[in-house]
Amino acid sequence: MRAKPEAQKCPALSTAMDELADVDFRKLLIDYLNSDALHATIKQGLRKHLTHADLEAFLAFAESPAGRRYQEHSMAATREAEAAIEASTEQMASSPEFTEFFGSMVTRLVPLAMKCPK
1 MRAKPEAQKC PALSTAMDEL ADVDFRKLLI DYLNSDALHA TIKQGLRKHL THADLEAFLA
61 FAESPAGRRY QEHSMAATRE AEAAIEASTE QMASSPEFTE FFGSMVTRLV PLAMKCPK
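Numbered per UniProt numbering, the sequence shown spans residues 1 to 118.
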């Protein structure tokens, strides 16, 4: 983990910050994710939208060969989809149409904002 600029000037602070992030925070997060309270909250939320039969069907799918394959690959597929969306968004944001739109937006809104009471 890369320390913040102020911590780079002080190795002891940098080490302590890294340890807090890598050890203490990780343990705290894992304990929370495995807590009975979180599991109860998740179950309560699921019960609002899914029946017991829905959950049983999902668990049967998760234990099937297709379900196991889905679990193995879904995170990678999600990351790839998110990266593609991010790249597309960046391309869109740097397009001439968006540049022109945001330029005209500033030109149209700043004069109005200057007339607003402070």
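Virtual Cβ for every residue (Gly too), placed ideally from N, Cα, C.
Being a predicted model, the structure only gives us computed values, none of them experimental.
Quiz prompt | Element boundaries [alpha helix (DSSP H), containing L50] | solution = On the sequence shown, residue 50 is found 50 positions in, with the first residue counted as 1. Where L50 is concerned, there is no enclosing alpha helix (DSSP H), given that its DSSP letter is neither H nor E.
Quiz item: Does the distance from the C-beta atom of L46 to that of L59 stay below 8 angstroms?
Solution: In the sequence shown, residue 46 corresponds to position 46, counting from 1. In the sequence shown, residue 59 corresponds to position 59, counting from 1. Going by C-beta atoms, L46 is not nearer than 8 angstroms to L59.
Quiz item: According to DSSP, is S104 helix, strand or coil?
Solution: The residue given as residue 104 occupies position 104 in the sequence shown. Assignment of S104 by DSSP, reduced to helix, strand and coil, places it in the helix class.
Quiz item: If A62 sits next to Q71, beta carbons under 8 angstroms apart, how far is it from one beta carbon to the other, in whole angstroms?
Solution: Residue mapping note: residue 62 aligns to position 62 of the sequence shown, counting from 1. Residue mapping note: residue 71 aligns to position 71 of the sequence shown, counting from 1. About 7 angstroms separates the two Cβ atoms, so the contact holds.
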